[in-house]
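> First the structure, which I've put down as structure tokens, then a few questions once you've had a look.
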Amino acid sequence: MTIPTRANAKKAVVDPLISEQFLAADLDEVNKLQEEGKKYNFKPQLVYRNVALFAALHIGSLVGLYQVVFDAKWQTVAWMVFLHIFGGLGITAGAHRLWSHRSYKAKLPVRVLLMIMNSSALQNDIIEWARDHRCHHKWTDTHADPHNTTRGVFFAHMGWLLMRKHPQIREQGGKLDLSDLFADPVCRFQRKYYLPLVLIFCFLLPTAIPVKFWGESAFVAFYTAGLLRYCLLLHATWLINSAAHKWGFKPYDKSISPVESAWTTITAIGEGGHNFHHTFPQDYRTSEYSLKLNWTRIFIDTCAALGLVYDRKSVADEVAQRQSEKHGDPSLRGRAF
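Using this note's numbering, the first residue of the sequence shown is number 2, and each one after it goes up by one.
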């Protein structure tokens, strides 16, 4: 399915099956929120529990890095790469493109697989992740955006997880309709059993399988395939919120902060076409040109070929070209890839 779009509109004309909440807000609403945000007497406060947990994770990851260099078996390193892609798809193909944006539809077996993949990534349950992401798109770079880039690169990268949320996030987020997420039994199941799911798929199995099948020590397996792999996947996701809003090209819309970033496409398995994605957020590809690097699109297309995925939404080439000529820089289309 192709998303019909008006090149001269502030936001796309929406497929009738999709609510407007999946698109970015128009400029008037964003400007209004930016002005209202200045009126809050809000002082940033650290959440010390989160600071301690992330500090411990990064210290443990340094131990894991040492083990990768000096002690880990090659099979364990290959296992880490597999788990990075496995968990990454749970975020990119699952929480992001399927559940946040409804950019395609998936049958139950794929949704269950994506839920397991997502649980191995441990980045909040699907419903919470999608709620935050819809806030991010609808109110980008305002205080209602959980990882507002106007508060600095570090805040957009991971600082937002170390601090209490701005009141505007809770106010605006409460206005979003999440009924589609709560209507999905897969999302409800994960939310109900999230703790045991992440313990099993993020830490227990990643550690146990190297020990069982190729004789890796439990210590090395835990710190490499467990902690280090998890930490690297977090940063791969966070780079989309920080670097992909800072350094790169803007072929489709020069007025917004997201950019096209090839290197974040590599680390985040296909998510670096961020200027395209924020311009056309319902396109399941999230990029025109990154097929060779876009493992997420390859996964979705493979599932479609097997009859497990359908109704993939994409923007017509002529629409992207018209948008680029009117609001971006056509000479930069494809340059990052």
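Every residue gets a Cβ at the ideal spot worked out from N, C-alpha and C, and that includes glycine.
(1) Could you check where the alpha helix (DSSP H) with S325 kicks off and where it finishes?
(2) Taking the alpha carbon of L47 as the point to measure from, which residue in S243, L179, G160 has its own alpha carbon closest?
(3) When the distance is taken between beta carbons, is D254 closer than 8 Å to H158?
(4) What is the C-beta distance between K247 and V154, in whole angstroms, given that I count them as a contact (C-beta under 8 Å)?
(5) Check for me: the alpha helix (DSSP H) holding L90 runs from which residue to which?
(6) For L235, count neighbouring C-beta atoms within 10 Å of its own C-beta (all shown protein chains included) and say buried if the count is 16 or more, exposed if not.
(7) What residues in its chain sit with their C-beta under 8 Å from that of Q22, if we drop five residues either side in the sequence?
(8) Could you compute how far the alpha carbon of P207 sits from the alpha carbon of R286?
(9) Just to check my reading of the structure: V316 and A107 have Cβ atoms closer than 8 Å, yes? What is that Cβ distance to the nearest angstrom?
(10) With respect to the alpha helix (DSSP H) encompassing L58, which residues constitute its N-terminal and C-terminal limits?
(11) Thinking C-alpha only, which one of I241, E36, F277, I270 is nearest S256?
(12) Pull up the DSSP beta-bridge partners for E339, would you.
(13) Excluding five sequence neighbours on each side, which residues of the same chain lie with their C-beta closer than 7 Å to the C-beta of H137?
(14) Using a Cβ-Cβ cutoff of less than 7 Å, which residues in the same chain neighbour G227 once the five nearest sequence positions on both sides are dropped?
(15) Our contact map puts Q124 next to T268 with C-beta atoms below 8 Å; I'd like the distance itself, whole angstroms only.
(16) What are the complete alpha helix (DSSP H) segments, minimum 4 residues, inside the stretch 108–161?
(17) In three-state DSSP terms, what is S101?
(18) Is there contact here, the stretch 105–120 with the stretch 77–92, by at least three beta-carbon pairs under 8 Å?
(19) Spatial neighbours of F214 within its chain, please: CB distance less than 7 Å, with the 5 preceding and 5 following residues excluded, ordered by chain position.
(20) Anyone know if the C-beta pair for L258 and T150 falls short of 8 Å?
(21) Taking a contact to mean a Cβ-Cβ separation below 8 Å, would you say V69 touches L229 in this structure?
(22) Applying the 10 Å Cβ sphere with the 16-neighbour rule, what's the burial state of V111?
(23) Take T280 and list the residues in its own chain whose beta-carbon comes closer than 7 Å to its own, dropping the five residues that flank it on each side.
(24) What is the rounded straight-line gap between the Cα of F156 and the Cα of K74?
(25) Given this structure, state the Cα-to-Cα distance separating P331 from S288, to the nearest angstrom.
(26) Ignore the nearest five residues each way along the sequence and tell me which others in G174's own chain have a CB closer than 7 Å to its CB.
(27) In whole angstroms, give me the CA-to-CA distance for F87 and D284.
(28) Output needed for I51: all residues of its chain with C-beta closer than 7 Å, excluding positions within five of it in sequence on either side, in chain order.
(29) Quick one: what's got a C-beta closer than 8 Å to D185's C-beta in the same chain, skipping five residues either side?
So, to answer that:
(1) Segment 318–328, the alpha helix (DSSP H) holding S325.
(2) Checking every option, the nearest Cα to that of L47 belongs to G160.
(3) With contacts defined by Cβ atoms closer than 8 Å, H158 and D254 do not form a contacting pair.
(4) For K247 against V154, the beta-carbon gap comes to about 6 Å, under 8 Å, which counts as contact.
(5) Unbroken alpha helix (DSSP H) run through L90: 75–90.
(6) Burial call: buried.
(7) A caution first: Q22 carries a pLDDT of 46, below 50, which makes its placement in the model too unreliable to give a value.
(8) The straight-line gap from Cα to Cα measures roughly 29 Å.
(9) About 20 Å separates the two Cβ atoms, so there is no contact after all.
(10) Residues 49–71.
(11) Ranked by how close their Cα comes to the Cα of S256, the residues I241, E36, F277, I270 have F277 in first place.
(12) Residue 339 lies beyond the residue range present for the chain, which begins at 2 and ends at 338; the question has no answer from this structure.
(13) So the qualifying residues of the chain are D146, P147, H148.
(14) Take G227, set aside five residues on each side of it, and the residues of its chain with a beta-carbon closer than 7 Å to its own are F204, P207, T208, in chain order.
(15) At roughly 15 Å, the Cβ-Cβ gap does not stay under 8 Å, so Q124 and T268 are not in contact.
(16) The qualifying runs are 109–122, 127–139, 154–158.
(17) Three-state result, S101: helix.
(18) At 8 Å Cβ cutoff, the stretches touch.
(19) Answer for F214: no residue qualifies.
(20) The sequence given here places Ser at residue 258; Leu does not occur at that position. The answer is yes: Cβ separation under 8 Å.
(21) Closer than 8 Å, so yes.
(22) Result: buried.
(23) So the qualifying residues of the chain are Y253, D254, Q324.
(24) So the alpha carbons of these two residues sit roughly 36 Å apart.
(25) So the alpha carbons of these two residues sit roughly 14 Å apart.
(26) Excluding sequence positions up to five before and after G174, its CB lies within less than 7 Å of the CB of R132, C136, all in the same chain and listed in chain order.
(27) So the two alpha carbons sit approximately 22 Å from each other.
(28) Note on residue identity: the sequence assigns Asn, not Ile, to residue 51. Cβ-Cβ distances below 7 Å link N51 to L162, L163 in the same chain, with the five nearest sequence neighbours on each side left out; the list follows chain order.
(29) Correct list, in chain order: W100, R112.
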